[in-house]
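A.B. asks: For the sequence shown, full-length UniProt numbering assigns the number 1 to the initial residue and increments by one for each residue that follows.
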Amino acid sequence: MRRRRRSEILVQANPNLAASLANDIKQTYTYKEIVVPRHGLTMVKMRESAQKSLFYIGEVLVTEAKVEIQGEIGIGIIQGMHDEVATQLAIIDAAYNAQLPETLSWTDTLEAAEAEINRKKIRQQAELMETKVNFETMDV
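1) Relative to the C-alpha of S20, which residue among R3, G40, T87 and V133 is closest?
2) So, G76 versus A95, is the Cβ gap smaller than 7 Å?
3) Where does the unbroken alpha helix (DSSP H) through A13 begin, and where does it stop?
4) According to DSSP, simplified to helix, strand and coil, what is Q51?
5) What first and last residue would you give for the alpha helix (DSSP H) that runs through Q124?
6) For the pair the segment 37-57 and the segment 3-22, tell me if three or more CB-CB distances fall below 8 Å.
7) Taking E136 as part of the alpha helix (DSSP H), name the residues at either end of that continuous run.
8) Could you tell me which residues DSSP puts in a beta bridge with Y29?
9) With 16 as the cutoff for other CB atoms within 10 Å, does G54 come out buried or exposed?
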């Protein structure tokens, strides 16, 4: 599973999921904090739909952390001020980079969490569509 997809699942899913996976690694392996969680600003890129050109819409506050497990570095970045979550994401990333055996069983867990996220999005979209106004029938 690619880092981007994995990170999106971990950020959007139940916060206990990232904590649980990171705790699995912390119980077995030692990790070294290279960069303690710190706050910063990052530029957000958007694509302008008409001309298809990229531009920066503004800045967003993020928390970044870096850890090392068995010589492999993991990075965790999350929007907002979430020091603990950034560290958890970094530990999970380092575990994947180090190809630790625990990561093999995580794929099913992450895919199940992704399916639940998609179900919630579909439910929310259906609720929004119920409130949609049909302007064609308003002329009567």
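Ideal placement from N, C-alpha and C gives every residue a C-beta, glycine not left out.
Quantities reported herein were computed from a predicted structural model and do not represent experimental measurements.
C.D. replies: Let me spell this out:
1) Numbered from its first residue, the sequence shown carries residue 20 at position 20. Nearest of R3, G40, T87 and V133 to S20, Cα basis: T87.
2) The residue given as residue 76 occupies position 76 in the sequence shown. The residue given as residue 95 occupies position 95 in the sequence shown. No, these two residues do not count as a Cβ contact at 7 Å.
3) As a working note, residue 13 is residue 13 in the sequence shown. Premise fails: A13 is in no alpha helix (DSSP H) and is neither H nor E.
4) Your numbering for residue 51 matches position 51 in the sequence shown. Looking at Q51 - three-state DSSP - the assignment turns out to be coil, as it is neither helix nor strand.
5) Along the sequence shown, one-based indexing puts residue 124 at 124. Here the alpha helix (DSSP H) through Q124 covers W106 to E130.
6) no
7) Reading the sequence shown from its first residue, position 136 is the one you call residue 136. From DSSP, E136 is part of no alpha helix (DSSP H); its letter is neither H nor E.
8) The residue you call residue 29 lines up with position 29 of the sequence shown. Beta-bridge pairing links Y29 to no other residue.
9) The count along the sequence shown starts at 1 and reaches residue 54 at position 54. Position check: residue 54 holds Leu in this sequence, whereas Gly was assumed. Its Cβ having fewer than 16 others within 10 Å, L54 is exposed.
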